[in-house]
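This report concerns only the one structure given below.
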Amino acid sequence: TGPLKDMDFSVQEGGGPRILHQFKLESPAVSFRASGEKAGIIDIEPRTGILYINGSLDWETKQVHKLQVESLDESGKRVKGPYTVTIYVEDINDNPPEFNQTKYYGVVRQNSRPGKPFMYVHATDRDDPTTPHAQLSYSIFHHFPNPYDEMLFQIDNATGAISPSRKGSYYLNPQKQDTFILVVSVKDMAGMTTNAFTSSVDVIITVKESLWKAPPIIYIKENSTQVHPVNISKVQSNEPGVIYGIFEKEKLPRLPFSISENGDIYVTQPLDREEKDTYTFFVVSKDNTGELVDKPLEIHVIVEDINDNPPVCQQDLTVIEVQENEMEGSNIGTVFATDMDKKDTLNSRLHFQIQSQEPEFPLKNLFYIQQDTGTLQLTGRSLNKRDSAKYFLKVLVTDSKFKTICDVEVHVIDINDKIPIFKNSDYGSVTVAEDISIGSVILEIEATDGDEPATGSSLIIYQVKEGDPNNTFIIETDSETNRGFIRINKALDFETTPVYNLVINATNPEPLVEGVHYNSSSLTLLKVFVTNVDELPVFRKAVYRTEVSEDIPVNTLVMTVEAYDPEGDSVRLSKVFLKEVQGKYAQYLACGKILFLQKSYLLVEDNAAQKSKVFLVLHLRDVNDNYPQIATDYPTFFCYPVSGGERTLIQATDADEQFFYSKFTFSLADEMNARNNWEISKFNATHAYLSLKHANFEEKVYDVPIILNDNGKPPLENKVNLKVSICKCSSENSCF
Numbered sequence: 001t002g003p004l005k006d007m008d009f010s011v012q013e014g015g016g017p018r019i020l021h022q023f024k025l026e027s028p029a030v031s032f033r034a035s036g037e038k039a040g041i042i043d044i045e046p047r048t049g050i051l052y053i054n055g056s057l058d059w060e061t062k063q064v065h066k067l068q069v070e071s072l073d074e075s076g077k078r079v080k081g082p083y084t085v086t087i088y089v090e091d092i093n094d095n096p097p098e099f100n101q102t103k104y105y106g107v108v109r110q111n112s113r114p115g116k117p118f119m120y121v122h123a124t125d126r127d128d129p130t131t132p133h134a135q136l137s138y139s140i141f142h143h144f145p146n147p148y149d150e151m152l153f154q155i156d157n158a159t160g161a162i163s164p165s166r167k168g169s170y171y172l173n174p175q176k177q178d179t180f181i182l183v184v185s186v187k188d189m190a191g192m193t194t195n196a197f198t199s200s201v202d203v204i205i206t207v208k209e210s211l212w213k214a215p216p217i218i219y220i221k222e223n224s225t226q227v228h229p230v231n232i233s234k235v236q237s238n239e240p241g242v243i244y245g246i247f248e249k250e251k252l253p254r255l256p257f258s259i260s261e262n263g264d265i266y267v268t269q270p271l272d273r274e275e276k277d278t279y280t281f282f283v284v285s286k287d288n289t290g291e292l293v294d295k296p297l298e299i300h301v302i303v304e305d306i307n308d309n310p311p312v313c314q315q316d317l318t319v320i321e322v323q324e325n326e327m328e329g330s331n332i333g334t335v336f337a338t339d340m341d342k343k344d345t346l347n348s349r350l351h352f353q354i355q356s357q358e359p360e361f362p363l364k365n366l367f368y369i370q371q372d373t374g375t376l377q378l379t380g381r382s383l384n385k386r387d388s389a390k391y392f393l394k395v396l397v398t399d400s401k402f403k404t405i406c407d408v409e410v411h412v413i414d415i416n417d418k419i420p421i422f423k424n425s426d427y428g429s430v431t432v433a434e435d436i437s438i439g440s441v442i443l444e445i446e447a448t449d450g451d452e453p454a455t456g457s458s459l460i461i462y463q464v465k466e467g468d469p470n471n472t473f474i475i476e477t478d479s480e481t482n483r484g485f486i487r488i489n490k491a492l493d494f495e496t497t498p499v500y501n502l503v504i505n506a507t508n509p510e511p512l513v514e515g516v517h518y519n520s521s522s523l524t525l526l527k528v529f530v531t532n533v534d535e536l537p538v539f540r541k542a543v544y545r546t547e548v549s550e551d552i553p554v555n556t557l558v559m560t561v562e563a564y565d566p567e568g569d570s571v572r573l574s575k576v577f578l579k580e581v582q583g584k585y586a587q588y589l590a591c592g593k594i595l596f597l598q599k600s601y602l603l604v605e606d607n608a609a610q611k612s613k614v615f616l617v618l619h620l621r622d623v624n625d626n627y628p629q630i631a632t633d634y635p636t637f638f639c640y641p642v643s644g645g646e647r648t649l650i651q652a653t654d655a656d657e658q659f660f661y662s663k664f665t666f667s668l669a670d671e672m673n674a675r676n677n678w679e680i681s682k683f684n685a686t687h688a689y690l691s692l693k694h695a696n697f698e699e700k701v702y703d704v705p706i707i708l709n710d711n712g713k714p715p716l717e718n719k720v721n722l723k724v725s726i727c728k729c730s731s732e733n734s735c736f
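Structure below.
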């Protein structure tokens with residue numbers, strides 16, 4: 001109760017009739033009168049002054065009711081007033097949330113990014129949006145079908161954004177299941193109470209094939225005359241607005257391909273198959289933060305051949321020797337030519353044809369050439385040196401477009417009717433040390449041949465016929481003198497073979513005439529004695545390599561080194577000489593088991609103190625053992641006074657290999673009022689923006705507690721207090 005005056009009341013909606021207040025009459029007033037937004041149920045009892053509600057108010061219909069109340073005398077004249085009575089209706093949770101559609105339809109692409117929304121559901125609640133009554137929370141209630149333990153889809157409980165889960169990004173496949181039905185529920189009261197209202201709706205999702213596919217192999221004809229760049233293919237991400245890029249698989253001076261913002265792939269210049277016949281590169285798609293959206297696509301390009309190369313003679317002049325007694329039809333030699341166009345195609349197919357013969361005596365066509373092989377044959381008769389000692393041929397070599405002339409000289413030589421004869425049938429013996437250098441000459445031998453000099457009939461070829469199964473020796477011929485030089489071809493080993501009994505023969509490259517045969521005159525003997533040399537001990541491997549993690553415990557066995565002595569002596573490992581030490585230790589055991597080593601070499605010696613060394617290389621794998629830090633190359637400051645919203649870029653670093661810190665996360669610690677003063681937002685994998693949330697900063701140095709996580713394996717988290725200055729700035733925009 002109380003006197004008539006302006007008054008405010010708060011009344012919960014619903015609840016039925018109730019009395020709000022009783023105004024007291026003051027003489028000469030005898031009654032009250034109310035007018036205004038009474039909604040048919042709000043009024044005042046004239047004589048008693050009781051203000052009442054005769055029913056239930058509804059917040060969703062009207063949130064505020066304003067009435068004017070005045071007091072009257074006996075004649076009905078106003079004594080006091082009117083005064084304003086305001087009734088505020090308080091909301092109660094009496095409305096369930098409602099979806100704006102009775103059913104939703106969405107499409108998702110195979111291999112879409114996890115967490116990237118492809119559709120939204122939306123619900124509203126008629127209750128007061130400033131109260132929890134209208135705060136909605138979404139969730140997936142059912143998932144049909146659900147072939148895996150985890151759901152293939154997820155929903156943002158605040159926004160209603162539906163996206164593939166990590167499992168869904170990997171397993172969604174229209175070939176296996178192209179349709180899913182989700183039952184999405186929404187609760188008011190932010191889903192935090194058991195008596196919250198709940199509504200649900202069906203979401204039908206169609207799975208379609210990924211748009212992000214590598215195109216089939218791209219074929220491009222070489223030396224194209226089109227105006228470049230030329231569109232050769234196209235890729236398309238599952239997500240709109242991505243940024244496409246190309247990076248090469250091979251290290252080329254310049255990759256002749258580009259990609260547009262729409263995913264069109266271009267070749268930027270004419271290609272030459274003879275220079276490079278295939279290209280492989282990758283196409284990537286990134287979002288505006290530089291993060292990969294899709295897995296890189298491998299693109300293959302094959303450069304197709306055109307006939308743009310003429311035949312080339314393998315020799316400027318092809319010289320062929322023919323014995324006088326060669327039979328008609330004999331193969332006497334081959335003219336060789338090449339074509340740089342693609343092998344085994346019509347572009348590189350060659351035809352051979354004799355264009356001319358000089359002299360044309362005794363016949364015009366003494367020679368025939370096989371058109372596909374270039375093999376020369378005799379035609380009508382054997383050659384006679386008395387007719388001509390030489391013939392000069394012009395051979396026309398053609399492909400389907402070009403032609404080339406190859407010059408050929410045919411030398412008519414004496415028949416090979418004499419065999420080589422050694423001057424000595426036995427060269428006795430020579431003695432050499434087992435450590436003699438490869439290539440050393442140990443003896444000179446000589447045979448003679450009575451055939452025409454400087455021809456294949458008289459040239460002598462020396463070979464070891466017996467006594468050297470491993471080709472330890474080789475014999476070279478001086479073509480001018482026909483002398484032979486016996487050289488060491490492979491390393492000698494006294495312990496394996498102390499003596500060689502060699503049988504050496506001498507032959508001609510031209511075949512002997514019928515009835516003539518090589519005999520013992522073309523053979524000679526040589527005995528080679530190998531003397532012992534105390535040899536160096538030998539390691540089983542040229543270099544010992546292994547790889548271990550940098551956090552390997554001390555005294556862990558990491559490698560075993562083995563050595564032996566060719567003489568059969570015992571060996572022992574000596575010292576480990578460190579060539580590169582990075583704060584670690586190096587130890588060894590005499591048995592050859594290396595306990596720990598950075599990079600070094602190891603000595604081994606035998607009983608005669610002969611020493612050998614071998615390199616031991618131990619590669620250390622990085623582990624994630626360094627906490628992320630804020631880079632402090634430049635001071636962090638804002639120019640005073642601030643207006644709020646200013647931001648600066650900060651960088652996180654990590655001493656570990658980049659593999660462990662490719663994606664930092666930044667957040668503010670919940671201390672020193674940091675979250676009320678500052679805001680941090682990611683810029684890319686290593687940088688973030690630090691922003692001012694308001695303008696109420698003093699001119700001083702602030703500690704901003706920032707939590708860094710390197711997301712490594714295992715992830716390491718570090719809290720860093722970043723010093724940030726709010727300072728008056730000079731004209732160069734730096735702190736005084």
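full-length UniProt numbering puts the first residue of the sequence shown at 1, with every later residue one more than the last. We treat Cβ as the ideally placed atom computed from N, Cα and C, and that holds for glycine.
Beta-carbon proximity check, residue i vs residue j, cutoff 8 Å
| i | j | result |
| --- | --- | --- |
| Ile442 | Ala491 | no |
| Leu297 | Phe282 | yes |
| Ile44 | Leu51 | yes |
| Tyr244 | Glu261 | yes |
| Thr472 | Asn489 | yes |
| Ile220 | Val303 | yes |
| Leu692 | Ile706 | no |
| Val395 | Val319 | no |
| Gln419 | Leu512 | A small fix is needed here, since residue 419 is Ile in this sequence, not Gln. Closer than 8 Å, so yes. |
| Ile332 | Leu378 | yes |
| Val201 | Val121 | yes |
| Gly450 | Ile413 | no |
| Leu690 | Thr632 | no |
| Val397 | Ala337 | yes |
| Ser612 | Phe539 | yes |
Buried or exposed by the 16-neighbour rule on C-beta atoms within 10 Å, applied to residue i
| i | result |
| --- | --- |
| Val64 | exposed |
| Ser165 | buried |
| Ile19 | exposed |
| Asn347 | buried |
| Val408 | buried |
| Ile650 | buried |
| Pro145 | exposed |
| Phe361 | exposed |
| Ile560 | Residue identity check: residue 560 is Thr in the sequence provided, not Ile. The residue in question, Thr560, is exposed, as its Cβ has fewer than 16 Cβ neighbours within 10 Å. |
| Lys579 | The predicted position of Lys579 is uncertain, since its pLDDT is 43 and thus under 50; no value can be drawn from it. |
| Val554 | exposed |
| Val516 | exposed |
CA-to-CA distance, residue j to residue i, given in whole angstroms
| i | j | result |
| --- | --- | --- |
| Ser210 | Ser137 | 31 Å |
| Thr686 | Pro310 | 56 Å |
| Val203 | Ile630 | 45 Å |
| Ala688 | Thr84 | 55 Å |
| Gln269 | Pro256 | 6 Å |
| Gly160 | Ser31 | 57 Å |
| Gly15 | Ser56 | 6 Å |
| Leu523 | Lys401 | 54 Å |
| Ala155 | Ser185 | Sequence inspection shows Ile at residue 155; the Ala mentioned does not correspond to that position. C-alpha separation (whole angstroms): 10 Å. |
| Lys527 | Ala447 | 18 Å |
| Ala652 | Glu717 | 12 Å |
Contiguous beta strand (DSSP E) assignments of at least 3 residues, all confined to the stretch 443-488: Along the length of the stretch 443-488, whole beta strand (DSSP E) runs at least 3 residues long occupy 461-466, 473-478 and 483-488, reported in chain order.
Three-pair Cβ contact test at 8 Å for the stretch 615-622 versus the stretch 666-685: Contact between the stretch 615-622 and the stretch 666-685 is absent, with fewer than three C-beta pairs closer than 8 Å.
Contact between the stretch 227-241 and the stretch 166-181 (3+ Cβ pairs under 8 Å): Flag = no, the stretch 227-241 and the stretch 166-181 do not touch.
Three-pair Cβ contact test at 8 Å for the stretch 665-675 versus the stretch 632-648: These segments do not touch.
Within the stretch 322-409, ranges of the beta strand (DSSP E) (whole runs, at least 3 residues): With a minimum length of 3 residues, the unbroken runs of beta strand (DSSP E) contained wholly in the stretch 322-409 fall at 331-334, 351-358, 367-369, 375-378 and 390-398.
Sufficient close CB pairs (3 or more, under 8 Å) joining the stretch 63-77 to the stretch 24-39: Taking one beta carbon from each stretch, the stretch 63-77 and the stretch 24-39 have 3 or more pairs nearer than 8 Å; the two touch.
Any 3 or more C-beta pairs closer than 8 Å across the stretch 536-551 and the stretch 351-371: Taking 8 Å as the limit for Cβ pairs, the verdict is that the stretch 351-371 does not touch the stretch 536-551.
Touching by the beta-carbon criterion (3+ pairs, under 8 Å), the stretch 189-196 and the stretch 234-242: With the cut-off at 8 Å, the stretch 189-196 and the stretch 234-242 do not touch.
Ranges of the beta strand (DSSP E) found wholly within the stretch 223-301, counting only runs of at least 3: Qualifying beta strand (DSSP E) stretches, in chain order: 230-234, 243-248, 257-259, 264-267 and 278-286.
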